[in-house]
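Notes follow the structure.
Protein chains: 2
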Amino acid sequence: MTITHDTEAAQAIPTHAESLGEALLEALDGPYHAVRSAGRAAFPTEGMLRDPAMGMAEAREWTLHRLGTLVEAGFGQSIVPSATATPEQLIQSLIDFEVVSYGDLSVAIKSGVQHGLFGGAIASLGSPAQHDRFLADALSLRLLGCFAMTEVGHGSDVQSLETTITYDRLTAEFVIDSPTPAATKTYLGNAAAHGRMAAVFGQLIVAGQRHGIHCILVPIRDDEGRALPGVTLGDNGHKGGLLGVDNGTITFDQVRVARDLLLDRFGRVNPEGSYESPIDNANRRFFTMLGALVRGRICIGAGAAIASRRALAIAVTYAEKRRQFRHPGRKTEIPLLDYQAHQRKLLPAIAKAYALGFAQNDLISAFVDVVGNPEHEPRAQRELESLAAGLKVLNTRFANDTVQVCREACGGAGYMSENQLTQLRADTDVFATFEGDNTVLSQLVTKGILTNYREVWGGLDGFGLVQASARLVTSAVIERTGAGVLVERLVARTKRRAGEATFFDRGWHAWMFEERERHVVDGLARRFRAADKDSFEAMNRLQGHVVFAARVHMDRVVLDSFIEGIEACPASEVKDVLERLCTLYALISLEQDSGWFQEHQRLSASRARALRGQVDVLCLELRGHAGDLVQGLGIKREWLGAAMLDD
Amino acid sequence: MTITHDTEAAQAIPTHAESLGEALLEALDGPYHAVRSAGRAAFPTEGMLRDPAMGMAEAREWTLHRLGTLVEAGFGQSIVPSATATPEQLIQSLIDFEVVSYGDLSVAIKSGVQHGLFGGAIASLGSPAQHDRFLADALSLRLLGCFAMTEVGHGSDVQSLETTITYDRLTAEFVIDSPTPAATKTYLGNAAAHGRMAAVFGQLIVAGQRHGIHCILVPIRDDEGRALPGVTLGDNGHKGGLLGVDNGTITFDQVRVARDLLLDRFGRVNPEGSYESPIDNANRRFFTMLGALVRGRICIGAGAAIASRRALAIAVTYAEKRRQFRHPGRKTEIPLLDYQAHQRKLLPAIAKAYALGFAQNDLISAFVDVVGNPEHEPRAQRELESLAAGLKVLNTRFANDTVQVCREACGGAGYMSENQLTQLRADTDVFATFEGDNTVLSQLVTKGILTNYREVWGGLDGFGLVQASARLVTSAVIERTGAGVLVERLVARTKRRAGEATFFDRGWHAWMFEERERHVVDGLARRFRAADKDSFEAMNRLQGHVVFAARVHMDRVVLDSFIEGIEACPASEVKDVLERLCTLYALISLEQDSGWFQEHQRLSASRARALRGQVDVLCLELRGHAGDLVQGLGIKREWLGAAMLDD
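If you're matching them up, the sequences are chains A and B in order. Residue numbering for the first sequence follows this note's numbering, starting at 561 and increasing by one per position. Residue numbering for the second sequence follows this note's numbering, starting at 561 and increasing by one per position.
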């Protein structure tokens, strides 16, 4: 969206809310409340949801058309060259994707492919001349494009892609080729039907020398939609969801394109036919290029978060309305949300939705700080990528689990497509494995924890972290900056009076999360040092520990964000409710790892026993605010689109 | 299926297996190996899977046609009147549904609706005259029917259904009526398109007196498919899955049917116009009628189990074939299944699939013992219903979780419909809430644990158990019969040498499971006795405990079945592999509740810490048998239907 807005105003403390629900929304939106409010106001409600009975071909055309409506309304226009982007543009580019996710997710993902990935590749990896030539057309949909990274043979392992981009000095052209069937590009949005061009990732070869993965723009269809010579296009066909996105395959047979189509911000072939790059080290160059694409991962996490909120809004609204069974102590049948088991399904999920929302705000800020500042430290870049990967994992796992819980909480009605939940479920499913498989990304997060990145890694192979951690890591340090001082103060205060800590002591929560992370990471580093790094078997035995370290690290990061987000609120009812949500979020995580905490003497048996009851009590207390809590998630009533809520 | 077979042979110990995989399958099939083998051999492979791109109308016609093919092959013919059924027929009726579940699940569910529910209602609730009149046509598909229980207003709470079945003495007819919009019957398979008749559940009223829920056959469409007078038919439309099942709604406006259409095994109106029933107590009659329908619940659990096995077979086969990332210690790229994280996703699920399979065998035996023996004790009936409900919950939860894990384990390929996983996922989703919502059924299981059923319950309201348990329960007793003596012996032996128990000591597993159940149920009974039974709030606070009790009870029951199932195997490699699977199943459950075991001093901190490593080691050991383990699940390679496994 292109809306002029005042950054100062956008970051002011909320004061104009007319209800608890509105106040919660202001608090959760945080510094981006004004931008998000404007986005929600500008989002065209009419036609925002697709008829789930549409077949694939129809769904694809509907999705393209709806995307056009959104572009006309201004969405997707803030993808601008990273080097010159203003903070407002960077923020807007992320919020746009959030807002688009309030509607049909095929449209959101198609926007993600077109604006975020295809447009983003041009904006982040291209030169100013390439921006001038292609970016406006990409954003306006005049030039529909694919992001051709994944191959049949290699998805997560990007460095092993087989596609070649070979420079032909005689003609000053690049030759794009798929040397094996496994090199076929696949699962590409816009490839099956609408794309005219593709941003293709492959191994750059100049004068016989390999320079690693680069990205090049390759026209794939002519104006009539026919495949260009040497290009073979395929259709991935029917999918488990996102039926409106035309995923397909591309195979290249010695396809020639001009020299100036290589996106050349980080590497190019000069007119003399020699390779040049501002980054000498090939590995560092690879990770710099991938790092420039961090926006996609941030957006997928955000989209999953919105999907979770939509499902929760539907299920909670239904659970307040739907009644089942009588009890002698009640005159009328009992609303589903009055049942403890139902509260346990929905209220912890609401708490976690808020927690993840506050963390996402901090991720947006980190994105602006890094991408908006060309002088940023490499360490800040690494931390941004870690945070983006970690929140992508948490948000997409949360979406899969939560939408399913919400579906079941609505019984048979929840299974009817007209009530939206199965559509949300089917669409968000793949979020767990695209834009980085969650298991692989968890390892990336742990790599980020274990190293200060002074050294360039040997690879993204899930074990590359080993060599470095063994050399560099001496002990796990929980590092906090800026507002993190508040959390440190809380922890310090609790430690001084450790015997008195209650279940509601925020310092105790932060302390427990910190202890868990520190212990898990310390243990992991010790195991790495002791292990034979050349043995796959030895390294493989640590994988579960690596994935666990990522999770407990991210849980702590999210709690920090929640605590700091609440601190920005004025003392009021909204703050009180947020405090209880935060406690619920913290206790649920402690309950989930109750075994671990007891194993490591961080929680006594009696305290662990009492924990469950405290969670139940909190759920019951918050149940009274359910309507407000849902309003605070920002999903307008008229956006729910669930037939069972009518009347 | 109608296949003549020798019961003795079917129950013999397997001896003819030619490979470990075949031997595992024989063991897992257990006493039903011959019947299952015959069923698998007779199952028509060609056309067993539906093109996922089919629209709803096409999918419905395809499904009906495929069901016809299965009926021609003999499936669905063993639904016979309960009172005269032979053990072979009872077994066959259950195995038929299992085998049908190897193919498209819409077909399986349509068969479940037509044969199991509609045919089953006639067979179980009808008189011999009604059997003669309707059953053959129902089984042959000449008379397609609905099972009209659920209403818009009431699903789980069957006793509160609003539909009325009022006897008109003047005309000797019943008048079927939907007095409110909430009384509309909904989510009924066969209602939207194909059904000609419905087995309608409603409140029977004779001469102004209410006799509770009864079932009556009501014609709904004429031979041209038009709704009959007074009958309004609706279409539930597009669903999250099972697109080939034509779910719809029926509303009755004073529809009249003859007196002899009331299914009258348990209650009828005699020619003089008076109500008669062999069961005086209305509550007992209600539960007897519902109990007669236990087959449906058994079949849904079995269908979910088969779906889980299909997903596991696909994901494991893919994980052996698909390679990703290199490591210095390996020459080639690494198969996904070599990664610890991948093993952790799939191997515990395989172990649980085996565990649930052995338990399902025991459920089939219990079904035959109860339904095949008119003289059975009421207690045996209750235990059957409890076991059926409990295994339905476990199997459907397991299917939802496992199919999703399998989908994610196959990355982007897993999301393509041609690889079957998203179809399985969408289809099994609703299994968690139909044929009894899992949360409600869990409460039913606990009710079964808490009472010896001397007293008839006040209702299925989730709290009816309260009154009785408070009066009757004095302490939780883990009761085992028959082969359970083996488990008791194992436990006793371990107790004598408690200090020496290793993680591989079967007696220790059984002891831990028993202790968990005993403690949880004892605690629950204590809380009931102390609680104010008339206060919804007081009772509601116990709901989480009630649901947990059901789970730990069922986990113990399943372990018992696994142990006894292994005992039936001759000492051999297959027994060794099954022992390790059983250990993995047990340790995973202990790991899941590690917090609980430590809270209650059943597991020391150091032992809890060591547990995780043992699970990892077991997964690694079993990984070497992955192919055989999958073969043992009984899914033929040519049934997988996943394009990514071709070549």
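Glycine residues also receive a C-beta, built at the ideal position from the N, C-alpha and C atoms. Model, not experiment: these values are computed from the prediction.
Could you name the residues of the same chain whose beta carbon sits closer than 7 Å to that of residue i, not counting the 5 residues immediately before and after it, in chain order?
i: residue 655(A); result: 592, 595, 596 and 599
i: residue 965(B); result: 905 and 909
i: residue 944(A); result: 854, 926, 927 and 930
i: residue 577(B); result: 583 and 586
i: residue 685(B); result: 775, 823, 825, 826, 849 and 852
i: residue 1186(A); result: 876, 880 and 897
What in chain B is Cβ-close to residue i, meaning under 8 Å?
i: residue 978(A); result: 797 and 798
i: residue 884(A); result: 714, 715, 716 and 717
Please list the terminal residues of the continuous alpha helix (DSSP H) segment that includes residue i.
i: residue 905(A); result: 900-931
i: residue 779(B); result: Counting along the chain, residue 779(B) falls outside any alpha helix (DSSP H), though it belongs to the beta strand (DSSP E) covering 769-779.
i: residue 1048(A); result: 1044-1056
i: residue 1181(A); result: 1165-1183
i: residue 1120(A); result: 1103-1127
i: residue 794(B); result: Premise fails: residue 794(B) lies in the beta strand (DSSP E), 791-795, not in any alpha helix (DSSP H).
Can you pull the chain A neighbours of residue i, defined as C-beta to C-beta under 9 Å?
i: residue 1096(B); result: 887, 888, 889, 890, 894 and 898
i: residue 878(B); result: Here the premise fails: no neighbours, minimum Cβ distance about 13 Å.
i: residue 643(B); result: Near residue 643(B) there are no residues of chain A at all, since even the closest Cβ is about 32 Å away, more than 9 Å.
Terminal residues of the continuous beta strand (DSSP E) containing residue i?
i: residue 975(A); result: From DSSP, residue 975(A) is part of no beta strand (DSSP E) but of the alpha helix (DSSP H) over 971-975.
i: residue 757(A); result: 757-766
i: residue 651(A); result: Segment 647-660 is the alpha helix (DSSP H) holding residue 651(A); no beta strand (DSSP E) there.
Listing by chain order, which chain B residues have their CB less than 7 Å from the CB of residue i?
i: residue 1165(A); result: 1158, 1159 and 1161
i: residue 518(A); result: Residue numbering for chain A in the displayed model covers 561 to 1207; residue 518(A) lies beyond these limits and cannot be assessed.
i: residue 1154(A); result: 1155
i: residue 664(A); result: Simply none; closest approach about 15 Å.
Less than 8 Å between the CB atoms is what I'm expecting for residue i and residue j, so what's the real figure, rounded?
i: residue 896(B); j: residue 879(B); result: 4 Å
i: residue 932(B); j: residue 650(B); result: 5 Å
i: residue 796(B); j: residue 752(B); result: 6 Å
i: residue 1073(B); j: residue 1119(B); result: 5 Å
List the residues of chain A whose Cβ lies closer than 8 Å to the Cβ of residue i, in chain order.
i: residue 1221(B); result: Nothing can be reported for residue 1221(B), as the shown portion of chain B is limited to 561 through 1207.
Go through its chain and collect everything with a Cβ distance to residue i's Cβ below 6 Å, but skip five positions before and after it.
i: residue 568(B); result: Residue confidence for residue 568(B) is low, a pLDDT of 40 falling below 50, so the modelled location carries little weight; the figure read from the coordinates is stated next. Closer than 6 Å at Cβ, skipping near neighbours: no residue.
i: residue 1021(B); result: Confidence at residue 1021(B) is low in this model, with a pLDDT of 38, below 50, so the placement of that residue should be treated as unreliable; the coordinate-derived value is given next. Taken in chain order, the list of residues that qualify is empty.
i: residue 716(A); result: 997 and 1000
i: residue 1004(B); result: 949
i: residue 666(A); result: 623, 802, 804 and 805
Within the same chain, show all residues whose beta-carbon is closer than 8 Å to that of residue i, passing over the 5 residues directly before and after it, in chain order.
i: residue 1123(A); result: 1046, 1047, 1050, 1066, 1070 and 1142
i: residue 687(B); result: 823, 824, 825 and 828
i: residue 789(A); result: 815
Anything in chain A within Cβ reach of residue i, meaning under 7 Å, just list it in chain order.
i: residue 616(B); result: 613
i: residue 994(B); result: 972
i: residue 606(B); result: Simply none; closest approach about 21 Å.
i: residue 743(B); result: Those do not exist, as residue 743(B) stays about 14 Å from chain A at its closest Cβ, beyond 7 Å.
i: residue 870(B); result: Per Cβ cutoff of 7 Å: no residues; residue 870(B) is ~15 Å from chain A at best.
Using a Cβ-Cβ cut-off of 9 Å, state whether residue i counts as contacting chain D.
i: residue 950(A); result: Among the protein chains of the structure shown, namely A and B, there is no chain D.
Anything in chain B within Cβ reach of residue i, meaning under 9 Å, just list it in chain order.
i: residue 586(A); result: Going along chain B, no residue has its Cβ under 9 Å from residue 586(A), so there is no contact; the nearest lies around 33 Å.
Regarding residue i and the ligand MN, is the C-beta to nearest heavy atom distance less than 8 Å?
i: residue 698(A); result: Of ligands this structure carries none, so the ligand MN is not represented either.
*Looking at chain A, which residues of the segment 709-740 of chain B have a Cβ within less than 8 Å of any of its Cβ atoms?*
Correct list: 710, 714, 715, 716, 717 and 720.
_So if I threshold CB-CB distances at 8 Å, which residues from the segment 1171-1190 of chain A count as touching chain B?_
1172 and 1176
*the segment 1079-1104 of chain B: which residues have C-beta closer than 9 Å to a C-beta of chain A, in chain order?*
1092, 1093, 1094, 1095, 1096, 1097, 1098, 1099, 1100, 1101, 1102, 1103 and 1104
_Residues of the segment 952-964 of chain B with Cβ closer than 8 Å to any Cβ of chain A, in chain order_ = Hits within the stretch, in order: 960 and 964.
_Please list, in chain order, the residues of the segment 1116-1146 of chain B that have any C-beta partner in chain A closer than 8 Å._
Of all residues in the segment 1116-1146 of chain B, none is placed with a Cβ closer than 8 Å to any Cβ belonging to chain A.
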